[in-house]
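If you use my numbering, the sequence shown closes out at 198, no skipped numbers anywhere.
No residue lacks a Cβ here, since even glycine has one placed at the ideal position from N, Cα and C.
Bear in mind the structure is a predicted one, so any value in this text is a computation, not a measurement.
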Amino acid sequence: MNTASFLAQTSFPLIWPLIAVVGALVRTRRSPSRQAALETWQRWWAVVALGCGSLWMTVAFLTVPDEMATVIGFARSPFQFEIAFANLALAVMAFRAASSSATVRERVTVGLGAGMFLWGALIGHVYQWFANGDHSPGNTGGVLVCDLLFPAVMIVLALRSQRLAGTEQRVPSGMVVAPHAAR
């Protein structure tokens, strides 16, 4: 595999967080409050990064399992079918976390649930990399970044939202202000 092909394959997973960040930046340019902007960021991250990224993996593992095994550096296994449906579960949870009625607790739980799977996968990828020299594009690079960040960002955004909600309040005009300015 030539360098350009390797870089393209190893970097492809980064398309999901890139789209989420660009989408959130565009949508929050004129947000009425920090809380509204943070809500937008949470939704973009949940839908695009975790949701679409996981749905993409579901489709890939179900439709082209031989290619997925090759790009990861493993032999094909019936276990890939289970990985596909684990990713589908992550996508369903992510789409629920994007709902306007999702609570902080739900979003943190989705992040933790995703983390148990993705952080475990991250550890497995790093182990295969160092123990067995697996430098395949699907075992290194972008997948490591995504496995780390997808759940971590979900959790951080949800906790930040909870913290911010405690520091802002509404005044009769509906304008959001800091607590000391509302007196």
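Local conformation of Pro32 per DSSP, three classes: Sequence index remark: in the sequence shown, residue 32 carries index 17 (1-based). It is helical.
Where Ala106 falls, given that 16 or more other Cβ within 10 Å makes a residue buried: Position 91 of the sequence shown, counted from the first residue, corresponds to residue 106. Ala106 is buried by the Cβ-count criterion.
Stretch pair the region 70-90 + the region 43-53: three plus CB contacts closer than 8 Å: No contact exists between the region 70-90 and the region 43-53.
Inter-residue spacing [alpha-carbon to alpha-carbon] between Ala52 and Ala180: Counted from its first residue, the sequence shown places residue 52 at position 37. Counted from its first residue, the sequence shown places residue 180 at position 165. Distance between the alpha carbons of Ala52 and Ala180: 12 Å.
Option in Leu127, Ile87, Gly128 with minimal Cα separation from Gly148: Indexing the sequence shown from 1 puts residue 148 at position 133. Closest in alpha carbon position to Gly148, among Leu127, Ile87, Gly128, is Ile87.
DSSP three-state assignment for Arg111, whether helix, strand or coil: Here residue 111 refers to the residue found at position 96 when the sequence shown is read from its first residue. Here Arg111 sits in helix by DSSP.
Selected residue, minimal CA-CA separation from Glu121, among Gln177, Cys161, Phe94: Here residue 121 is taken as the residue at index 106 of the sequence shown, counted from 1. Of Gln177, Cys161, Phe94, the residue nearest in Cα terms is Gln177.
Three-state secondary structure (DSSP) of Ser48: Numbered from its first residue, the sequence shown carries residue 48 at position 33. In the structure shown, Ser48 sits in coil (DSSP, three-state: anything other than H, G, I, E or B).
Within 7 Å, strictly: CB atoms of Pro166 and Gly130: In the sequence shown, the residue the question calls residue 166 occupies position 151. In the sequence shown, the residue the question calls residue 130 occupies position 115. Yes; because the gap between Cβ atoms is below 7 Å, this pair is in contact.
Endpoints, the alpha helix (DSSP H) within which Pro166 is located: Numbered from its first residue, the sequence shown carries residue 166 at position 151. For Pro166, the uninterrupted alpha helix (DSSP H) segment begins and ends at 157-182.
The region 161-175 / the region 36-45 touching (three or more Cβ pairs under 8 Å): Proximity of the region 161-175 to the region 36-45 falls short of the contact definition, fewer than three beta-carbon pairs being nearer than 8 Å.
Reference Ile98; option with closest CA among Ala109, Asn17, Pro80: Start at 1 with the first residue of the sequence shown, and residue 98 comes out as number 83. Of Ala109, Asn17, Pro80, the smallest CA-CA separation from Ile98 is found for Pro80.
Residue span of the alpha helix (DSSP H) that contains Ser20, given as start and end: In the sequence shown, residue 20 corresponds to position 5, counting from 1. From DSSP, the alpha helix (DSSP H) with Ser20 extends over 18-26.
Val123 and Ala112 closer than 7 Å at C-beta: Numbered from its first residue, the sequence shown carries residue 123 at position 108. Numbered from its first residue, the sequence shown carries residue 112 at position 97. In this structure, the beta-carbon distance from Val123 to Ala112 does not fall below 7 Å.
With 16 other Cβ atoms within 10 Å as the buried cut-off, status of Gly68: Start at 1 with the first residue of the sequence shown, and residue 68 comes out as number 53. Answer is buried; the Cβ neighbour count reaches 16.
CA nearest to the CA of Thr155, picked from Ser115, Trp71, Ser26: Counted from its first residue, the sequence shown places residue 155 at position 140. Comparing Cα-Cα distances from Thr155 to each of Ser115, Trp71, Ser26, the minimum goes to Ser26.
Helix, strand or coil at Ala90 [DSSP, three-state]: Sequence index remark: in the sequence shown, residue 90 carries index 75 (1-based). Secondary structure of Ala90 (DSSP, three-state): coil.
Helix, strand or coil at Arg198 according to DSSP, with G and I counted as helix: Locating residue 198 in the sequence shown gives position 183, counting from the first residue. Only weak support exists for where Arg198 lies, its pLDDT of 39 falling under 50; the value from the coordinates is given anyway. In this structure, Arg198 counts as coil in the three-state DSSP scheme.
Alpha-carbon to alpha-carbon, Leu163 and Glu200: Outside the modelled stretch of the chain, which goes from 16 to 198, sits residue 200, for which no answer is possible.
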